[in-house]
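Below you'll find the structure, written out as structure tokens, and then a few comments.
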Amino acid sequence: MRPEKHQLTSERYPLAIAHDYLTQRGGAERVVLALHKAFPEAPIYTTLYDPDNTYPEFKNCTVITSPLNRVRLFRKDHRLALPFLPYFSGRLKVDAERSLVSTTGWAHGFDLPAQSFIYCHSPARWIYLTDQYIGHRINKGLARTFKMMRPFLRWWDRQAANRHPHYVANSSTIQQRIFDVYGKRTDIIFPPYSISEEGLQEPIPGLEDFMADGYFIIVSRLLPYKNVQQAVEAFAGLNQKLLVVGAGPMMDELQALASSNVAFASNISDEQMQYAYAHATALIAVSHEDFGITPLEGGAFGKPTIALKAGGFLDTIVDGVTGTFIKTPNAVDIRCAVENFDPSQFSSDAIRSHVEQFSEERFIREVKAHLERIKAIQKDEDLLSLMHNEPPAH
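Residue numbering for the sequence shown follows this note's numbering, starting at 27 and increasing by one per position.
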């Protein structure tokens, strides 16, 4: 089965970008957009693509998908495709001289060229954090099937990882996890925030009054491991307001749970997202994130964050300077942090200064430098192969 292409070509691309799936709006998808900004001629290979539910900028890209993309159900919830993704991922040929691979568990298993730079957001959560990733809301029969497949999937994942020596982690947490799972030592390139205080702003229709006088904001996909439910529960009975920005399978459940001081918005524009950050009091970020980019996005507007003291937030938040930490992501601790939060204790200028080190320009510069190192290494290896009368890698 051939991949589906928006544009057909008889020549190999000089460089291609690969990503697991483009079916949602998250930090990993923002990274793909940054990579495409650096290499605008590069096509993007992915298993699934839903233009209505991911960032609209992808409509201006050449997106090449697997045959799985023909199944609408999979585009709407990629977790339902989990049993099929190893087969179709392994048969998605990235027809390029070099590839930039953004992976959370699938794209490193594509049929990639020898010169492939694997930018790892995390070793596969669907294997190593199965219960958190799948959640109890997915079909129980499918969940049991997936857990039965887990030994094979671990083997598949490690085989895919072992084919590619050039791994880079997106945070110190992931650097350690890559070593624990794959035995690989890696450099770190922090992903960028891509939102700007200088950009256009636009109110979210229907929420103008709600957003008029300050609120806390949580920006997240609505999945079990994101702990949005605990944040919603924490605001019951509080005088403060909470704006939840995101989409996902828990939307109906969270809306039913929410009190009147909690509002929801999904699939909003960049202009509306910038307005939401600009008018917020502070962010709440209480999931176990591998990096945690939303404090940087809010920080670009000088906003502090209440965050879980774990994972990637340890890389992006300076306690007492750009935010404050809580120890556990339960409703009681979140509620206590909100009640005791004093935004006047934080300097907007200090927060903005901190996030500058995570700029998109810095990210692109480091990625390009790493690609050049890989190119030089491959050239040396090809020369050695020729000296030993062996064919060079392709």
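Note that beta-carbon positions come from the ideal geometry of N, C-alpha and C, so glycine has one too.
Whole-Å CB distance - residue i paired with residue j, under 8 Å assumed
i: Pro449; j: Phe317; result: Any answer about residue 449 is impossible in this case: the structure gives the chain only from 27 up to 420.
i: Ala302; j: Val381; result: Actually they are not in contact, since the Cβ atoms of Ala302 and Val381 sit about 17 Å apart, beyond 8 Å.
i: Ala122; j: Arg38; result: 6 Å
i: Thr212; j: Gln227; result: Actually they are not in contact, since the Cβ atoms of Thr212 and Gln227 sit about 38 Å apart, beyond 8 Å.
i: Arg247; j: Ala273; result: 7 Å
i: Thr129; j: His147; result: 7 Å
i: Thr91; j: Thr73; result: 7 Å
i: Ala64; j: Val393; result: 6 Å
i: Ile221; j: Glu323; result: 5 Å
i: Ala304; j: Leu269; result: That pair is no contact at about 12 Å.
i: Asp183; j: Ile153; result: 6 Å
i: Thr307; j: Gly240; result: 4 Å
i: Leu280; j: Val254; result: 6 Å
i: Ile70; j: Val89; result: 5 Å
Buried or exposed (CB count within 10 angstroms, at least 16 for buried), residue i
i: Pro40; result: exposed
i: Asn188; result: exposed
i: Asn265; result: exposed
i: Tyr113; result: exposed
i: Val58; result: buried
i: Ile294; result: buried
i: Gln185; result: exposed
i: Ser374; result: exposed
i: Ile210; result: According to the sequence as given, residue 210 is Lys; it is not Ile. Lys210 is buried by the Cβ-count criterion.
i: Arg361; result: buried
i: Gln383; result: exposed
i: Glu386; result: buried
i: Leu118; result: buried
i: Pro177; result: exposed
i: Met237; result: buried
i: Pro369; result: exposed
i: Lys405; result: exposed
i: Ala282; result: exposed
i: Ile395; result: With the sequence shown as reference, residue 395 is identified as Ala, and Ile is not the correct amino acid for it. Answer is exposed; the Cβ neighbour count stays below 16.
i: Lys252; result: buried
i: Leu99; result: exposed
i: Met276; result: buried
i: Val358; result: exposed
i: Leu34; result: Low local confidence applies: a pLDDT of 41 at Leu34 is under 50, so the model's placement there is unreliable, with the coordinate-based value given in what follows. Classification of Leu34: exposed, given that the 10 Å Cβ count is below 16.
i: Val120; result: buried
i: Asn366; result: exposed
i: Val312; result: buried
i: Arg170; result: exposed
i: Pro355; result: buried
i: Asn95; result: buried
i: Arg56; result: buried
For residue i, the nearest candidate out of the options (CA to CA)
i: Tyr145; options: Leu226, Ile214, Asn188; result: Ile214
i: Arg180; options: Trp132, Glu223, Ser198; result: Trp132
i: Ala333; options: Pro191, Leu309, Ala402, Ser295; result: Leu309
i: Arg47; options: Arg170, His62, Tyr75; result: As written in the sequence, residue 47 is Tyr, which differs from the Arg given in the question. When only C-alpha atoms are compared, the closest one is Tyr75.
i: Thr348; options: Pro330, Lys335, Asp359; result: Pro330
i: Ser142; options: Ala107, Tyr193, Arg117, Cys362; result: Tyr193
i: Val271; options: Gly52, Arg101, Glu67; result: Gly52
i: Ile43; options: Lys267, Gln50, Ala60; result: Ala60
i: Leu111; options: Asn196, Gly135, Ala376, Ser220; result: Gly135
i: Phe242; options: Thr171, Met174, Phe172, Thr320; result: Thr320
i: Glu315; options: Gln281, Pro250, Val364; result: Pro250
i: Ala376; options: Leu340, Asp345, Asp359; result: Asp345
i: Val364; options: Ala262, Arg388, Lys85, Asp341; result: Ala262
i: Leu340; options: Phe100, Ser198, Pro93; result: Ser198
i: Val127; options: His45, Leu233, Leu155; result: His45
i: Arg378; options: Thr354, Glu297, Glu224; result: Glu224
i: Glu234; options: Tyr71, Ala311, Ala289, Pro139; result: Ala289
i: Gly232; options: His190, Phe172, Gln298, Asn366; result: Gln298
i: Ala195; options: Phe84, Thr171, Ala54; result: Ala54
i: Ser286; options: Lys267, Gln300, Lys353, Arg388; result: Lys267
i: Arg399; options: Arg124, Arg96, Asn356; result: Arg124
i: Thr49; options: Arg56, Asp78, Ile70; result: Asp78
i: Val140; options: Arg101, Leu108, Pro191, Asn356; result: The sequence given here places Ala at residue 140; Val does not occur at that position. Among Arg101, Leu108, Pro191, Asn356, the Cα nearest to that of Ala140 is on Pro191.
i: Phe172; options: Val97, Asp206, Ala107, Ser115; result: Ala107
i: Pro109; options: Lys335, Gly338, Met174; result: Met174
i: Leu155; options: Asp137, Val207, Leu138; result: Val207
i: Gly116; options: Gln300, Arg101, Pro93; result: Pro93
Residues sharing a beta bridge with residue i, DSSP
i: Tyr75; result: Leu48
i: Ile390; result: DSSP lists no partner for Ile390.
i: Ile43; result: Ile70, Leu126
Quiz item: In chain order, which alpha helix (DSSP H) runs of at least 4 residues are fully inside the stretch 297-354?
Solution: Taking only runs of at least 4 residues, the alpha helix (DSSP H) segments lying wholly in the stretch 297-354 are 320-325, 339-342.
Quiz prompt | Any beta strand (DSSP E) of 3 or more consecutive residues that is wholly inside the stretch 258-301 | solution = Contiguous beta strand (DSSP E) elements confined to the stretch 258-301 occur at 268-271, 288-291, taking only those with 3 or more residues.
Quiz prompt | Whole runs of the alpha helix (DSSP H) within the stretch 183-268, excluding any shorter than 4 residues | solution = Runs found: 198-208, 254-260.
Practice problem: Could you name each continuous beta strand (DSSP E) segment of 3 residues or more that falls completely within the stretch 107-176, going from the start of the chain to the end? | Solution: Listed in chain order, the beta strand (DSSP E) elements of length 3 or more contained wholly in the stretch 107-176 are 122-129, 141-146.
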